[in-house]
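This report refers to the structure that appears directly beneath it.
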Amino acid sequence: MSILTDPRFSGIKPFDKKLWLSSPTMHGDEQKWVDDAIQTNWVSTVGANINEVEKQIAEYVGVQYAVALSAGTAALHLATKLAGEKLYGQARPYEGTLAGRKVFCSDVTFDASINPVAYEDGEAVFIDTEYDTWNMCPKALEKAFEIYPEVKLIVVAHLYGTPGKMEEIKAIADRHEALIVEDAAESLGARYKLNGEWVETGSLGNYNCISFNGNKIVTGSAGGMFLTNSKEDADKVRKWSTQSREAAPWYQHEEVGYNYRMSNIVAGVVRGQIPHLDEHIAQKKAIYERYKKAFADLPVKMNPFDAEKSEPNYWLSCMIIDEDAMAPMVRGEQDFLYKSESGKSSPQEILDALAAFNAEGRPIWKPMHMQPIYRTHAFITAEGNGRGRSNAYIAGSGADVGADIFRRGLCLPSDNKMTVEQQETVIEIIRRCFL
Ligand SMILES: Cc1ncc(COP(=O)(O)O)c(C=O)c1O
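Each residue of the sequence shown is one higher than the one before, counting from 865 in my numbering.
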C-alpha cells in the first residue's frame, strides 16, 4: 500500500509546490546590490559589497574583524589551519599544519565542520553529544583530555542554530591550554550567556566561522566568513584566501595560497539579506513554537535548548521520538526498513510520509564517528572510549548519545516561507503517523 492510499492519511492532499526544509528567502535589495556591483564593474573579489558585509557582520556578531570567503568550509579550513600554525608552527608546503596531531571535534554535525582537520593532515577524535542541547558534551570532552592530554585544539559546532554548552567547554579548553575553532555556520544570530553576559555565536572561539550557504538563515547563494578580534589573524586569513601573495611587484609566494575570497556579486546578495536576519529568526522561532505546541500530546520532544543561557536562531526545527514510541526501524549504510505500529512511529516513516505529501524533512546529521570515512577514528563518550564497548562476556554497553539522537530524531520542514496552514498540514501528517 502506498502512503497516499494509506487510510491513516485520508483527506490530506499533497502540497502543490514542494515545502522545503530551509530554502533561500529573497527580499529585493539583493538584486539592487548585485546590479550595483555589475553597473560599477566591481565584478571581482574586491568591491563595496564585500567591505560592507564584513563591516555589518562584524558589528552584528560583536567582533572586530570579519573576512568574507567563498564558503563556510573555506572559513573553517583557514581557521583550522591558523590554529594548527599557532600551535605547531608553519608547515612545509606539502604538509598540513596538524600532521600527526589529534583534534577534538563535535560529532553530530555536518562533515564540513571537521573535514578541514583532515585537509590539514590532522586526526579528528570525536566527542560525544549531550541531550540538553544536542551539542558537544563537556563531560565527554573532559574524558577525552584524560585519555589524550596532549591535544591542543577543539572544533565545536552549534547544531541547528542551538548554542552548545560553551561556558563549560571554554573552561575545559582554558584548563588544558587548548584553542577553539567555533563553527557557527548554522547559528548566525543565536546568542549565548557567557559568564553572565549575552554574546553572539561566532564570537565564542579563538577562530570563528559562519556560512551563507543557500539553506542558511541568511544566504549569499554561497559564501562564508572568518570572524576574529585579532587583526593579525584577519590579515593572515585574507592573505591566504587570495593566493598568499607577498608584498612584491610580481607574484611572490612564501606560503601555500588558496582562492577562497568571496565574490562581490555573492556579497551583494548577502548585503541584501543582512537587514532581514532578525526577521528570519523570528519566523523560524514561530515555526519551532507552533510545532512544540502542536506536539505537546504526542510521544515526541522538540530539539532542546537551555532557555536561561541561550537564545537559538531556530534555524531547523527537529523532533525526537520517545523510546517507547519508536516503531521498528533499521538503517543500513544507504537504505532502511521500517514497520508501522499503532501508537508508534519512526523517523524514516515520518520522512517517507512527508515526502509523499511533497514536504522535505531530513534525518538528523549522521554522527561523524558512524561515518565510514571516520570509522577508524577515536570516539569518546562521557564514560571514556566509545569504541569496542559491547562485550561478548559481560552484559551491557555504554550510551552513545549521538547515535541515539540520530536513530530517534529528524529535521522537520522549517522554511520561513511556510504558511501556518501548510505547517498545520505537516503537523497533521506527523500526528497520523502515530495512529
Ligand atoms: C555545521 C556546518 N558547518 C559547515 C558548513 C559548511 O558551510 P558552507 O556550505 O558554506 O561551506 C555547514 C553547511 O553548509 C554546516 O551546516
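Cβ coordinates follow ideal geometry from the N, Cα and C atoms, glycine included.
Reference residue i, options the options, closest by Cα
{"i": "Trp1062", "options": "Gln928, Ser1174, Val1194", "result": "Ser1174"}
{"i": "Glu1360", "options": "Ser886, Ala1054, Pro957, Ala976", "result": "Since the first residue shown for the chain is 865 and the last is 1299, residue 1360 is missing from the structure and cannot be characterised."}
{"i": "Tyr929", "options": "Gly960, Asn1072, Tyr952", "result": "Asn1072"}
{"i": "Lys877", "options": "Ala1220, His1241, Ile1145, Glu1153", "result": "Ala1220"}
{"i": "Met1190", "options": "Glu1031, Thr1289, Lys1203, Gln1147", "result": "Lys1203"}
{"i": "Asn1077", "options": "Met1282, Gln1147, Gly936", "result": "Gly936"}
{"i": "Phe1090", "options": "Ile921, Glu1285, Glu894, Thr869", "result": "Ile921"}
{"i": "Ile1291", "options": "Asp1264, Lys1157, Glu1096, Ile1074", "result": "Lys1157"}
{"i": "Tyr924", "options": "Arg1135, Ala982, Ala1037, Val1130", "result": "Arg1135"}
{"i": "Ala1171", "options": "Lys950, Ala938, Glu918, Thr1026", "result": "Thr1026"}
{"i": "His1241", "options": "Val967, Ala947, Val1130", "result": "Val967"}
{"i": "Ile1138", "options": "Val1265, Ala938, His891", "result": "His891"}
{"i": "Ile1145", "options": "Asp1038, Ser1051, Gly1262", "result": "Ser1051"}
{"i": "Val1019", "options": "Ile1011, Gly1028, Pro1013", "result": "Gly1028"}
{"i": "Ser1209", "options": "Arg1125, Ala1150, Leu1299, Ile902", "result": "Leu1299"}
{"i": "Lys1103", "options": "Gly1087, Arg1125, Gly1088, Thr1083", "result": "Arg1125"}
{"i": "Glu1197", "options": "Asp996, Thr944, Arg1239, Tyr1152", "result": "Arg1239"}
{"i": "His1040", "options": "Tyr1012, Leu1215, Phe873, Ala1267", "result": "Tyr1012"}
{"i": "Thr1283", "options": "Tyr1152, Ser866, Ser874", "result": "Tyr1152"}
{"i": "Thr1083", "options": "Pro871, Thr889, Thr1289, Glu1096", "result": "Thr889"}
Same chain only: Cβ atoms within 7 Å of residue i, ignoring 5 sequence neighbours per side
{"i": "Ile1269", "result": "Val972, Thr993, Trp998, Ile1184, Ile1228"}
Contacts around residue i, its chain only, beta-carbon distance under 6 Å, and the 5 residues preceding and following it disregarded
{"i": "Arg1226", "result": "Leu885, Cys1275"}
{"i": "Asp1279", "result": "Trp884, Ser886, Ser887"}
{"i": "Lys882", "result": "Asn1222"}
{"i": "Ala988", "result": "Val967, Cys969, Ile978, Val981, His1241"}
{"i": "Arg1271", "result": "none"}
{"i": "Gly960", "result": "Glu984, Asp985"}
{"i": "Pro1236", "result": "none"}
Any non-hydrogen atom of ligand 1 within 7 Å of residue i CB
{"i": "Leu1180", "result": "no"}
{"i": "Gly1053", "result": "no"}
{"i": "Asn1059", "result": "no"}
{"i": "Asp971", "result": "no"}
{"i": "Ser977", "result": "yes"}
{"i": "Ser1085", "result": "no"}
{"i": "Ala1263", "result": "no"}
{"i": "Asp1038", "result": "no"}
{"i": "Gly1088", "result": "yes"}
{"i": "Leu940", "result": "yes"}
{"i": "Thr937", "result": "yes"}
{"i": "Glu949", "result": "no"}
{"i": "Ser1075", "result": "yes"}
{"i": "Phe968", "result": "no"}
{"i": "Ala1112", "result": "no"}
{"i": "Glu1050", "result": "yes"}
{"i": "Asp1047", "result": "yes"}
{"i": "Phe990", "result": "no"}
{"i": "Phe974", "result": "yes"}
Proximity of residue i and residue j at Cβ, strictly below 8 Å
{"i": "Met1193", "j": "Ser1181", "result": "no"}
{"i": "Cys1297", "j": "Glu1213", "result": "yes"}
{"i": "Gly1053", "j": "Val898", "result": "no"}
{"i": "Ala1223", "j": "Phe879", "result": "yes"}
{"i": "Ser1105", "j": "Val1120", "result": "no"}
{"i": "Arg965", "j": "Tyr983", "result": "no"}
{"i": "Leu1058", "j": "Ile1036", "result": "no"}
{"i": "Ala939", "j": "Leu933", "result": "yes"}
{"i": "Phe990", "j": "Met1232", "result": "yes"}
{"i": "Leu942", "j": "Val1101", "result": "yes"}
{"i": "Ala1048", "j": "Thr1065", "result": "yes"}
{"i": "Gly1273", "j": "Pro1211", "result": "yes"}
{"i": "Glu1285", "j": "Gly1262", "result": "no"}
{"i": "Ile867", "j": "Asp1199", "result": "no"}
For residue j and residue i, believed in contact at Cβ under 8 Å, the rounded distance
{"i": "Ile1244", "j": "Lys1007", "result": "5 Å"}
{"i": "Asn1128", "j": "Val910", "result": "7 Å"}
{"i": "Trp1179", "j": "Ile1074", "result": "In fact, because the Cβ distance is near 12 Å, the residues do not count as touching under 8 Å."}
{"i": "Leu1218", "j": "Pro1176", "result": "No, Leu1218 and Pro1176 are not in contact; Cβ-Cβ is about 22 Å, not under 8 Å."}
{"i": "Val927", "j": "Asn1070", "result": "Going by Cβ atoms, the distance from Val927 to Asn1070 rounds to 12 Å, so no, they are not a contact pair."}
{"i": "Ser1085", "j": "Val1130", "result": "6 Å"}
Cut-off 8 Å between Cβ atoms - residues of its own chain near residue i, not counting five sequence neighbours on either side
{"i": "Asp1142", "result": "Gly1053"}
{"i": "Pro1113", "result": "none"}
{"i": "Tyr1155", "result": "Met1166, Ser1181, Met1183, Leu1276, Gln1287, Ile1291"}
{"i": "Glu949", "result": "Ala955, Thr961"}
Within-8 Å CB hit, residue i to chain C
{"i": "Asp1199", "result": "Protein chain content of the structure displayed is limited to a single chain, and chain C is not contained in it."}
Proximity test, residue i beta-carbon vs ligand 2 heavy atom, cut-off 7 Å
{"i": "Ala1021", "result": "With respect to ligand 2, the structure offers nothing, as its ligand set consists of ligand 1."}
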